[in-house]
Amino acid sequence: MSLFFTFTIFRSAIFRVGLPIVVVASLCLYCDNILAIVSPHSELMQISPYIMLPLVIFLSQPFNQGNSGLLAVVMLLGYYLIQNHLTFPLIAEVDKLSSWLIIIGLQLSLFVIHLLPERRLLSKSGVNFLLLLTLQLIIGFIAIKAISAAEIDLLWRTYLKPIEALSSSPYLLLMFSVLLTVTSFFVVVFRNDSSDHIVFTNLLFSTLCLYSFNTPVIPELCFSLAATFMLVHIMTSSHELAFVDQLTELPGRRALEIELKHLSGLYTIAMVDIDHFKHFNDNYGHRTGDEVLRLVSLLMSKVSGRAKIYRYGGEEFTIVIKGKNANQSMQYLNKIRSTIENYDMVIRNHQQRPIIEPNFRLKISKPVDQPTVNITVSIGVADSQNLLSTEEVIKAADKALYRAKSSGRNRVTNLRFA
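Using my numbering, read the sequence shown as starting at 357 and increasing by one per residue.
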């Protein structure tokens, strides 16, 4: 399996949301067994977040993953405050107020990162967030000094007293944390952005930490796991930027080059070119041109078959079919061609409607009073049967594509049988 398609598993929305939920569920269901494994290493577990979270902060800057860096800053600060200022059951009134402020501040700060654009850690938005975090700490310190012990005790007994049968943490704060986590989940569902996934993951682990705070090693384990997920997120996001075409969400030219280095045996390569693509850009604008590229990539991906599709560049795509020669691949390629030809594409008025995002589904219904056009593609095919290298196969496929274009377009051409 190629490097790109291995990373595709980690990039999927189901995996990014589902894996942390499975991990948290496993921690709850098998808590005793997990504690038996990690408890002998409690000292290592205690310092682990102090190693892993700064590592996330350090890597977030060069890899342009500023939101991950901000999450790590919040988690590191929260972990330090929890380790040094909170113990359950809380006796001192100051500790009670500190717990309330730390939990509220930690969860709100994590959630606010949903609202921030993905920039570098030390960008303007990142610095503003860090200043806001500092202001939050100052206000918390002033509140602790200003509110009397009697007022804190009244607040605690009236609103924040924990339900011991449920958790040692204050019930309302626990519900507040759950509410933010559930809201974050719906943000992920509706926006499906990679930075939203990692915010949700941190909220999920911080909520588990709050719920099981009085259980030994659980806080350390939760913060370490959150840091692990952030490190994986930085790696997969960086891989995505390098190997995935951001417009079509198909693997790009670099992914194809790596795939070609590992090709051997019998395989077919098809070069696909959108007919009259310049016409769409000139007559309907570059936004419509982008929508044409997205539509073609989506329609090709929906045609069943064991092929891998890549964005080669411009209006060209490359299809790699392993284990079949060019003649055996003709039926699949003609199905792609006919599927694209028969799709009625709506020409949208972008002054009234925004450009379609890549993760939107196709809408078959035709809006009222909006024109449609039909796109066609030309495909050139070659295989490895009589050619020694992938470069020769691609050159032969390019030659077949040129023949398809010069013969009238909207066809699949295999030079061997032309």
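All C-beta atoms, glycine included, are put in the ideal place defined by N, C-alpha and C.
Considering only residues of the same chain and omitting the five flanking positions on each side of residue i, which have a CB-CB separation below 6 Å?
| i | result |
| --- | --- |
| Ile-370 | none |
| Leu-415 | Ile-590 |
| Lys-680 | Thr-624 |
| Ala-760 | Ser-734, Gly-736, Arg-767 and Thr-769 |
| Leu-477 | Ser-416, Gln-417, Gly-422 and Gly-425 |
| Ile-692 | Met-656 and Val-659 |
| Leu-560 | Pro-376, Val-380 and Thr-537 |
Please state whether DSSP places residue i in a helix, a strand or coil.
| i | result |
| --- | --- |
| Pro-776 | This structure cannot settle anything about residue 776, because the visible part of the chain is limited to 357 through 774. |
| Ser-721 | At Ser-721, the pLDDT of 48 sits below 50, so the modelled position is not reliable; the number obtained from the coordinates is stated separately. DSSP places Ser-721 in coil when its eight states are reduced to three. |
| Asp-629 | strand |
| Tyr-758 | helix |
| Asp-700 | strand |
| Phe-673 | strand |
| Tyr-567 | helix |
| Gly-736 | strand |
| Val-555 | helix |
| Val-659 | coil |
| Ile-731 | coil |
| Ile-665 | strand |
| Pro-607 | strand |
| Asn-484 | helix |
| Tyr-623 | strand |
| Asn-690 | helix |
| Asn-770 | strand |
| Lys-680 | coil |
Report buried or exposed for residue i, applying the criterion of at least 16 other Cβ atoms within 10 angstroms of its Cβ.
| i | result |
| --- | --- |
| Thr-537 | buried |
| Leu-376 | It should be pointed out that residue 376 corresponds to Pro in this sequence rather than to Leu. That one is buried. |
| Phe-360 | For Phe-360, the pLDDT reaches just 47, beneath the cut-off of 50, and the residue's location in the model is therefore unreliable, leaving the point undetermined. |
| Ala-756 | buried |
| Met-408 | buried |
| Met-656 | buried |
| Asp-388 | exposed |
| Ser-685 | buried |
| Thr-728 | exposed |
| Pro-473 | exposed |
| Ile-413 | buried |
| Phe-579 | buried |
| Leu-488 | exposed |
| Ser-762 | exposed |
| Val-378 | exposed |
| Ile-665 | buried |
| Ile-614 | exposed |
| Leu-566 | buried |
| Ile-438 | buried |
| Val-373 | buried |
| Phe-546 | exposed |
| Leu-535 | exposed |
| Ser-620 | exposed |
Tell me which residues share the same chain as residue i and place their Cβ nearer than 8 Å to its Cβ, disregarding the 5 neighbours each side in the sequence.
| i | result |
| --- | --- |
| Thr-644 | Phe-636, Asn-637, Ile-703, Arg-704 and His-706 |
| Asp-754 | Met-627 and Gly-736 |
| Ser-395 | Pro-572 and Val-573 |
| Tyr-758 | Gly-736 |
| Gly-669 | Arg-609 |
Can you tell me the Cβ-Cβ gap for residue i and residue j, rounded? I've got them flagged as a contact below 8 Å.
| i | j | result |
| --- | --- | --- |
| Met-701 | Leu-651 | 6 Å |
| Val-782 | Asp-631 | Since the first and last residues shown for the chain are 357 and 774, residue 782 lies out of range. |
| Gly-482 | Leu-530 | Actually they are not in contact, since the Cβ atoms of Gly-482 and Leu-530 sit about 30 Å apart, beyond 8 Å. |
| Phe-485 | Ser-540 | Not confirmed; about 17 Å, so no contact. |
| Leu-464 | Ala-499 | Not a contact, Cβ separation roughly 15 Å. |
| Ile-390 | Leu-383 | 6 Å |
| Pro-339 | Tyr-435 | Residue 339 lies beyond the stretch modelled for the chain, which goes from 357 to 774, so this question has no answer here. |
| Val-380 | Leu-564 | 5 Å |
| Pro-410 | Leu-432 | 7 Å |
| Ala-582 | Thr-557 | 6 Å |
| Ala-738 | Ala-682 | 6 Å |
| Ile-731 | Val-648 | 6 Å |
| Asp-646 | Leu-603 | 6 Å |
| Glu-671 | Asp-629 | 6 Å |
| Ile-459 | Ser-533 | 7 Å |
Closer than 7 Å by C-beta to residue i: which residues in its own chain qualify, once you throw out the five before and the five after it? Chain order, please.
| i | result |
| --- | --- |
| Ser-740 | Leu-622, Tyr-623 and Val-749 |
| Val-543 | His-470 and Asp-552 |
| Arg-475 | Gly-422, Ser-481 and Gly-482 |
| Ala-663 | Ile-675, Val-676, Ile-677 and Tyr-688 |
| Leu-577 | Val-394 and Met-401 |
| Gly-461 | Gln-492 and Gly-496 |
Using a Cβ-Cβ cut-off of 8 Å, state whether residue i counts as contacting chain C.
| i | result |
| --- | --- |
| Thr-571 | The displayed structure is made up of one protein chain only, and chain C is not part of it. |
- Is it true that the region 608 to 628 meets the region 732 to 749, where meeting means three or more beta-carbon pairs spaced less than 8 Å apart? These segments touch.
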